[in-house]
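Here the protein sequences come in this chain order: A and B. Just so it is clear: in the first sequence, position 112 is 112 by the numbering used here, and no numbers are missing. Just so it is clear: in the second sequence, position 96 is 287 by the numbering used here, and no numbers are missing.
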Amino acid sequence: MNNQTLIEAHNLAFAINGNKLFHNLSFSLTNGEAMHITGDNGSGKSTLIRIILGITNQTRGDVENNLSKGIAYLGHKNAVKNYLTLEDNLILMELKGHKDLKRYLEILNLKKYSDVIVANLSFGQQKKLALLRIFLNNSELIVLDEPFVGLDKQTQKILSEFLNNELDKKKSIIYTSHIPCKIESKVLNII
Amino acid sequence: MKSLKLEFLKLKKKTRSWLGPILVFWLIMIAYPLTVELLPENLEVGFFSVLWIATLISMMLATEDIFLEDFNDGTLEQTIIKTTSFSSLVSTKVFIYWVLIGIPISILSFIFSFGTTENFDTSLMIFPLSIISSYIFLNLFVLGNALSLNKGSVLGALVTIPLALPVLVVLGKGVVAIQFNINFSGFIFLLLGCLSIIIVAVPLVVSYIIKAHLE
Numbered sequence: 001m002n003n004q005t006l007i008e009a010h011n012l013a014f015a016i017n018g019n020k021l022f023h024n025l026s027f028s029l030t031n032g033e034a035m036h037i038t039g040d041n042g043s044g045k046s047t048l049i050r051i052i053l054g055i056t057n058q059t060r061g062d063v064e065n066n067l068s069k070g071i072a073y074l075g076h077k078n079a080v081k082n083y084l085t086l087e088d089n090l091i092l093m094e095l096k097g098h099k100d101l102k103r104y105l106e107i108l109n110l111k112k113y114s115d116v117i118v119a120n121l122s123f124g125q126q127k128k129l130a131l132l133r134i135f136l137n138n139s140e141l142i143v144l145d146e147p148f149v150g151l152d153k154q155t156q157k158i159l160s161e162f163l164n165n166e167l168d169k170k171k172s173i174i175y176t177s178h179i180p181c182k183i184e185s186k187v188l189n190i191i
Numbered sequence: 192m193k194s195l196k197l198e199f200l201k202l203k204k205k206t207r208s209w210l211g212p213i214l215v216f217w218l219i220m221i222a223y224p225l226t227v228e229l230l231p232e233n234l235e236v237g238f239f240s241v242l243w244i245a246t247l248i249s250m251m252l253a254t255e256d257i258f259l260e261d262f263n264d265g266t267l268e269q270t271i272i273k274t275t276s277f278s279s280l281v282s283t284k285v286f287i288y289w290v291l292i293g294i295p296i297s298i299l300s301f302i303f304s305f306g307t308t309e310n311f312d313t314s315l316m317i318f319p320l321s322i323i324s325s326y327i328f329l330n331l332f333v334l335g336n337a338l339s340l341n342k343g344s345v346l347g348a349l350v351t352i353p354l355a356l357p358v359l360v361v362l363g364k365g366v367v368a369i370q371f372n373i374n375f376s377g378f379i380f381l382l383l384g385c386l387s388i389i390i391v392a393v394p395l396v397v398s399y400i401i402k403a404h405l406e
């Protein structure tokens with residue numbers, strides 16, 4: 001694994017209850033590179049992401065990383081607290097006081113909901129709140145599992161543009177998406 | 192320090208989670224004299240047994256959703272990715288629950304003890320027993336809760352009740368020592384000894400169990 005490589009996986013395999021999801025999967029990701037994981041429903045895309053994140057253990061193979069600044073991750077679950085206000089959630093997400101917070105709250109049209117209990121926001125608005133974790137990240141790797149689901153066209157465009165900008169800043173991205181998006185990326189297809 | 196503040200904010204805003212166990216404790220202690228036909232001076236006989244059992248039940252209820260909500264909404268995943276020491280987060284969470292639930296229950300224990308025994312010194316000695324035992328119970332039930340995280344957490348807490356039984360025995364002996372004016376500090380040290388082992392071991396074990404659940 002050379003210095004430029006951020007993540008490298010060798011011969012990854014995962015099986016659950018005797019059912020093989022994928023096997024002999026190898027890939028590497030360097031700084032400023034994006035990887036789009038594709039595959040049918042149930043092919044193991046989310047599982048692969050969880051293996052990369054270290055949440056799930058692979059059945060075989062290994063994943064190495066050169067990460068020093070951590071990972072910004074948004075999965076199927078938004079990790080926001082429904083019983084708290086948007087503002088309280090920002091405190092919990094440790095984003096309160098971030099220099100770009102105000103700008104992104106305006107861009108995502110969330111500013112007027114600061115005092116609203118998150119349970120009273122729509123699914124899309126909750127997703128936008130969760131996305132702030134990505135927009136205001138300070139990590140070198142961004143991992144997203146179906147990030148465009150539940151977002152309107154405008155926000156999808158904002159997210160795509162943001163991710164392309166992050167690539168220009170030499171950050172790396174791993175994502176899954178069934179919704180077409182304009183991100184320059186290599187494709188890892190799971191069969 | 193930051194995680195302490197954040198966990199405090201989360202629990203403080205979740206009124207049902209911290210007020211519920213305190214109210215259950217309060218209701219049991221209020222109901223006790225109403226349900227027995229005893230002269231006021233005889234109430235003391237069963238009072239301390241009810242007090243410890245009420246503490247035990249309240250602590251069991253307190254752990255009901257200590258991890259479940261974070262598990263369901265994806266917060267635990269985020270925490271595991273970010274945090275290097277997940278066990279220290281478990282310790283923090285348990286500590287905050289003890290501060291917001293265990294300590295008020297210990298204060299109520301003192302008040303109810305004084306109300307029943309009308310003896311300030313006895314009630315004052317009950318306070319440290321209550322404060323230590325509530326922390327021990329909380330840790331034990333957190334273990335049970337983690338074991339059955341996605342299968343009904345109270346059921347899991349019930350599994351760990353046998354671990355709490357020796358603590359109840361020590362508490363009973365402690366009360367006898369107080370009532371007979373025997374030096375009861377040995378019981379305090381015994382409970383502190385148990386607590387010092389539990390507060391180190393439980394977060395470690397719980398963090399492994401939760402990681403296994405997330406897999």
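Each residue gets a CB set at the ideal place from its N, CA and C atoms; glycine is no exception.
For residue j and residue i, the rounded distance between their alpha carbons
i: B:Leu-340; j: A:Phe-123; result: 26 Å
i: A:Tyr-113; j: A:Leu-84; result: 12 Å
i: A:Arg-50; j: B:Thr-246; result: 40 Å
i: B:Val-397; j: B:Gly-335; result: 9 Å
i: A:Val-157; j: A:Leu-29; result: Per the sequence presented here, residue 157 of chain A reads as Lys, with Val not at that position. Taking the straight line joining both Cα atoms gives about 24 Å.
i: B:Thr-226; j: A:Gln-125; result: 52 Å
i: A:Asn-41; j: B:Met-192; result: 42 Å
i: A:Lys-186; j: A:Phe-27; result: 10 Å
i: A:Thr-47; j: A:Gly-75; result: 11 Å
i: B:Met-250; j: B:Ile-352; result: 11 Å
i: A:Gln-154; j: A:Pro-147; result: 14 Å
i: B:Gly-407; j: B:Pro-295; result: The structure shown does not extend to residue 407 of chain B, since chain B is modelled only from 192 to 406, so the question has no answer here.
i: A:Asn-17; j: A:Thr-59; result: 11 Å
i: A:Asn-89; j: A:Ile-134; result: 14 Å
i: B:Leu-356; j: A:Asn-164; result: 59 Å
i: B:Thr-266; j: B:Glu-235; result: 46 Å
i: B:Glu-254; j: B:Asn-263; result: The sequence as given places Thr at residue 254 of chain B; Glu does not occur at that position. Each residue's Cα considered, the two are about 15 Å apart.
i: A:Phe-162; j: B:Val-393; result: 43 Å
i: B:Leu-200; j: B:Leu-405; result: 24 Å
i: B:Phe-311; j: B:Val-215; result: 24 Å
i: A:Glu-64; j: A:Gln-4; result: 13 Å
i: B:Asp-256; j: B:Ser-208; result: 8 Å
i: B:Leu-354; j: A:Leu-25; result: 46 Å
i: A:Leu-188; j: B:Glu-268; result: 24 Å
i: B:Gly-237; j: B:Ser-376; result: 23 Å
i: B:Lys-203; j: A:Lys-69; result: 32 Å
i: B:Val-358; j: B:Ile-388; result: 13 Å
i: B:Glu-228; j: B:Met-220; result: 15 Å
Integer-rounded CB distance, given that residue j should sit under 8 Å from residue i
i: A:Leu-110; j: A:Leu-92; result: Not really, about 15 Å apart at Cβ, beyond 8 Å.
i: A:Leu-141; j: A:Ser-172; result: 5 Å
i: B:Ser-325; j: B:Ser-297; result: 6 Å
i: A:Asn-66; j: A:Leu-6; result: 6 Å
i: A:Ser-160; j: A:Lys-182; result: 5 Å
i: A:Leu-136; j: A:His-98; result: 5 Å
i: A:Ile-71; j: A:Ser-139; result: 5 Å
i: B:Leu-338; j: B:Tyr-288; result: Going by Cβ atoms, the distance from B:Leu-338 to B:Tyr-288 rounds to 17 Å, so no, they are not a contact pair.
i: B:Val-333; j: B:Val-285; result: 6 Å
i: A:Val-118; j: A:Lys-81; result: 6 Å
i: B:Ile-401; j: B:Phe-258; result: 6 Å
i: B:Cys-385; j: B:Ile-322; result: Not a contact, Cβ separation roughly 14 Å.
One or two residues paired with residue i in a DSSP bridge
i: A:Ala-15; result: A:Lys-20
i: A:Ala-34; result: A:Ile-173
i: B:His-404; result: Partner(s): none; B:His-404 has no beta bridge.
i: A:Leu-73; result: It should be pointed out that residue 73 of chain A corresponds to Tyr in this sequence rather than to Leu. Paired residues: A:Val-143.
i: A:Leu-29; result: A:Ile-7
i: A:Glu-64; result: A:Glu-8
i: A:Leu-188; result: A:Ile-37
i: A:Thr-246; result: The first residue shown for chain A is 1 and the last is 191, placing residue 246 of chain A beyond what the model contains.
Own chain partners of residue i with C-beta closer than 6 Å, once the 5 adjacent residues on each side are dropped
i: A:Ile-174; result: Met-35, Val-143
i: A:Asp-115; result: Thr-85
i: A:Gly-150; result: Phe-123, Gly-124, Lys-127
Neighbourhood of residue i by C-beta distance below 7 Å, restricted to the same chain and skipping five residues each side
i: B:Val-361; result: Phe-378, Leu-381, Leu-382
i: A:Gly-44; result: Phe-14, Leu-21, Phe-22, Ile-190
i: B:Thr-283; result: Ser-194, Leu-195, Glu-198
i: B:Leu-395; result: Ser-278
8 Å CB neighbourhood of residue i in its chain, flanking five on each side removed
i: B:Ile-317; result: Phe-239, Leu-242, Ser-300, Phe-301, Ser-304, Val-366, Ile-369
i: A:Ile-107; result: Ile-158
i: A:Asn-78; result: Gln-126, Lys-127, Leu-129, Ala-130
i: B:Ile-213; result: Ser-249, Ile-292, Pro-295, Ile-296, Leu-299
i: A:Leu-95; result: Leu-101, Leu-132, Arg-133, Leu-136
i: B:Gly-363; result: Phe-239, Ser-240, Trp-243
i: B:Thr-308; result: Glu-235, Phe-238, Ser-314
Contact test: residue i Cβ vs the ligand HEM heavy atom, cutoff 6 Å
i: B:Val-333; result: With respect to the ligand HEM, the structure shown offers nothing to examine, as it has no ligands at all.
Chain C within 7 Å of residue i, Cβ atoms only
i: B:Thr-283; result: Among the chains of the structure shown, chain C does not appear; the protein chains present are A and B.
Length at least 4, wholly inside the region 288 to 354 of chain B: the alpha helix (DSSP H) runs in chain order: Segments of the alpha helix (DSSP H) lying fully in the region 288 to 354 of chain B: 294 to 308, 311 to 338, 344 to 350.
For the region 94 to 118 of chain A, list the beta strand (DSSP E) runs that are entirely contained and at least 3 residues long, ordered along the chain. Those beta strand (DSSP E) runs which fall completely within the region 94 to 118 of chain A and span 3+ residues do not exist here.
Ignoring anything shorter than 4 residues or poking outside the region 192 to 268 of chain B, list the alpha helix (DSSP H) runs there in chain order. Within the region 192 to 268 of chain B, the complete alpha helix (DSSP H) runs of at least 4 residues are 193 to 204, 206 to 226, 234 to 253, 259 to 264.
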